[in-house]
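Under my numbering, the first residue of the sequence shown is numbered 255, with each subsequent residue one higher.
Each residue gets a CB set at the ideal place from its N, CA and C atoms; glycine is no exception.
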Amino acid sequence: MKGVEVRIVDADGADVPPGEVGEIITRSSNNMLGYWNLPEATAATLDKDGWIHTGDAGYMDADGYIFIHDRMKDMIISGGENVYPAEVESAIFGHPQVLEVAVIGVPDEKWGETVKAVVVPRPGEAVDPASVIAWARERIAPYKVPKSVDVIEALPRNASGKILRKDLRAPYWEGRERMVN
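Here it is in structure tokens:
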């Protein structure tokens with residue numbers, strides 16, 4: 255939109271090159287001034303130069319088009335590599351036994367976090383976790399492939415139908431101070 259600035263930045267706030275995933279930030283005269291009575295939330299979202307940190311991971315191509323990749327808070331860091339759940343989920347969709355999938359990071363002593371797929375089987379199907387892992391291995395880089403697969407009857411969702419990843423992650427992070435390792 256006219257009058258709106260958009261940048262894609264790394265964790266230090268530096269612009270990333272075209273095609274590289276980073277956080278989408280925006281600035282315009284229409285920006286919010288802050289959250290009502292929530293100064294900490296405002297400080298986490300709106301920087302001193304007026305840039306809004308959207309929390310969306312995306313990239314800009316060479317022509318200036320922006321592609322949203324995932325949510326930053328859902329990103330899994332495994333062995334120093336960034337893994338975006340949406341990419342892993344896309345790789346698993348189409349598996350003949352899987353109706354729905356959500357991907358989360360779970361704690362791992364060696365890698366920090368590892369990728370776990372949580373799947374709902376198609377009606378009348380029994381999901382073979384090894385088959386799901388093999389299916390993903392044919393479609394994405396090895397470090398992104400789930401190390402484990404849980405099979406559940408239904409994914410937890412909020413009232414608007416959004417998958418509640420925090421509910422899926424909670425049992426694995428129980429007793430830890432933070433939900434990154």
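- Here Pro400 really is in contact with Ile387; their C-beta atoms are around 6 Å apart, less than 8 Å.
- As the crow flies, the alpha-carbon of Gly273 is around 23 Å from that of Glu392.
- In the DSSP assignment, no residue is bridged to Arg393.
- Ala424 carries a helical assignment under DSSP once its states are collapsed to helix, strand and coil.
- Here Pro339 is buried, its C-beta having at least 16 other C-beta atoms within 10 Å.
- In the DSSP assignment, Ser332 falls outside any alpha helix (DSSP H) and lies within the beta strand (DSSP E) extending over 330-332.
- Per the Cβ contact rule, the region 327-341 is not in contact with the region 284-302 (fewer than 3 Cβ pairs under 8 Å).
- 9 Å or more divides the Cβ of Val360 from the Cβ of Ser414.
- Secondary structure note for Ile358: its beta strand (DSSP E) is the uninterrupted segment 352-362.
- Take Lys398, set aside five residues on each side of it, and the residues of its chain with a beta-carbon closer than 7 Å to its own are Val337, Glu341, Val342, Val369, in chain order.
- Where Ser344 is concerned, the enclosing alpha helix (DSSP H) starts and stops at 339-346.
- Apart from sequence neighbours up to five positions away, the residues of its chain that approach Met314 with a beta-carbon distance below 6 Å are Ile262, Pro272, Ile320, ordered along the chain.
- Going by DSSP, Glu277 is part of the beta strand (DSSP E) stretching over 276-281.
- Selection Leu409, Trp389, Ala380, Glu367 evaluated against Ser344 yields Trp389 as nearest (Cα-Cα).
- Counted as a single uninterrupted DSSP element, the stretch harbouring Pro400 is not any beta strand (DSSP E), since DSSP gives it neither H nor E.
- The Cβ atoms of Ile278 and Asp317 lie no closer than 9 Å to each other.
- Here Gly334 is exposed. Its C-beta has fewer than 16 other C-beta atoms within 10 Å.
- Here the alpha carbons of Gly366 and Ala408 stand approximately 28 Å from one another.
- Distance from Val357 to Asp404 at the Cβ level is roughly 11 Å; contact not present, criterion being Cβ atoms closer than 8 Å.
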